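This report refers to the structure that appears directly beneath it.
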Amino acid sequence: MTIDIKSMGYLRVTATDLPAWSRFAEKVLGLMKGRGPSPEHLYYRIDEVSARLVIVPGAADEVECTGWELADHEALQAAREHLTKAGVDFSEGTADELAERRVQELIRFSDPFENVFELFHGISYERFPAVTPYGSTFVTGDQGMGHVVLPVTDDVEALRFYRDTLGFRLRDSMSMPGEFVGKEPGSKVWLRFLGVNPRHHSLAFLPMPRPSKCVHVMLEVTELDDVGRALERVQKNGVPLAATLGRHMNDEMVSFYVKSPGGFDIEFGTDGLTVDDGRWVARESTAVSYWGHEFSG
């Protein structure tokens, strides 16, 4: 038995500079500004869900948590029982936290690397469609918000926890030299890509610590032209690129990466691969991309 996670539901970020996030989210990414319980927070929509990205003031620039959607109360109760048996401590969401996230129930826990997860059900959605500033339509639905890549310190323990404890399914792997992340020469570490729905991967991990508690977050749009226009907005607004336009090998996404005010990257792409778990075979890719994606730094 594992937890039946349906999708990545939301991302919460603490920020030292909310105006920078406002400019970045609206003028560069083209997200729709939403509304929420706190006048001090920034709420952003990409679909009918009330808020997929929430920026809150804080003393550090980092990901506060990722929210993962379950079907209903019964699924969340089963998750409670499963985590208890697995020896994972969790806490219940308070009334104020439920109101802030606009969900009916949630529980919170940390993985072995201090990344915070929230499991929830019953998120609210709006009667009015999300009309984004530049007319982009984002790929969500049963694929959720997008994907997130988290930093870990032990790739073996990370795979065990995410796959065997939380129920993510391995979709692809890529090896890299251990010395790249401070391991002994000649060793090997693994990047793993895991999914829970038709999106190729909703979660991946990199065996390297990051102060921002995140490597990158991916948002997908329906049209290649929207990726090109977003790339123009990056250049117009003087925001540094983290990687040039390219097509990944594993999920076939055509995308670029841009540096966010939070210290992590945003991947902005289109044409991502969807998979059928009944037919999917996990493999090892031998390169990051078929072409492009020249990473800075």
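The sequence shown begins at 64 in this note's numbering and counts up by one. Ideal Cβ positions, reconstructed from N, Cα and C, are used throughout, including at glycine. Because the structure is a prediction, the values reported are computed rather than measured.
Taking 8 Å as the cut-off, decide whether the C-beta atoms of residue i and residue j are in contact.
| i | j | result |
| --- | --- | --- |
| His263 | Asp334 | no |
| Leu94 | Leu116 | yes |
| Glu127 | Pro175 | no |
| Tyr225 | Leu257 | yes |
| Arg296 | Lys69 | no |
| Asp328 | Val321 | yes |
| Val284 | Val211 | no |
| Leu282 | Gly209 | yes |
| Gly150 | Ile170 | no |
Identify which residue in the options has its Cα closest to the Cα of residue i.
| i | options | result |
| --- | --- | --- |
| Glu177 | Leu336, Pro272, Tyr107 | Pro272 |
| Leu213 | Pro82, Gln140, Cys277, Gly130 | Cys277 |
| Asp159 | Glu168, Phe153, Ala123, Asp152 | Glu168 |
| Val78 | Gly150, Ala122, Glu330 | The identity of residue 78 in the sequence shown is Ala, whereas the question assumes Val. The shortest C-alpha separation from Ala78 is found at Ala122. |
| Ala267 | Ile186, Asp218, Val321, His184 | Asp218 |
With H, G and I counted as helix, E and B as strand and the rest as coil, what does DSSP make of residue i?
| i | result |
| --- | --- |
| Thr285 | coil |
| Glu168 | strand |
| Ser113 | coil |
| Ser85 | helix |
| Gly332 | strand |
| Val259 | coil |
| Val252 | strand |
| Tyr225 | helix |
Is there a Cβ from chain D that is less than 8 Å from the Cβ of residue i?
| i | result |
| --- | --- |
| His104 | Given the protein chain composition of this structure (a single chain), no chain D is represented. |
Just reading off the alpha helix (DSSP H) that residue i is part of, what are its end residues?
| i | result |
| --- | --- |
| Val219 | 218–222 |
| His145 | 136–149 |
Along the chain, where does the beta strand (DSSP E) containing residue i start, and where does it finish?
| i | result |
| --- | --- |
| Ala122 | Element bounds for Ala122: n/a, residue is neither H nor E. |
| Pro192 | Neither: Pro192 is in no beta strand (DSSP E) and is coded neither H nor E. |
| Trp354 | 352–355 |
| Pro214 | 210–214 |
| Glu181 | 179–184 |
| Lys322 | 317–322 |
Our contact map puts residue i next to residue j with C-beta atoms below 8 Å; I'd like the distance itself, whole angstroms only.
| i | j | result |
| --- | --- | --- |
| Trp131 | Glu181 | 7 Å |
| Ile118 | Leu81 | 6 Å |
| Ser265 | Trp253 | In fact, because the Cβ distance is near 18 Å, the residues do not count as touching under 8 Å. |
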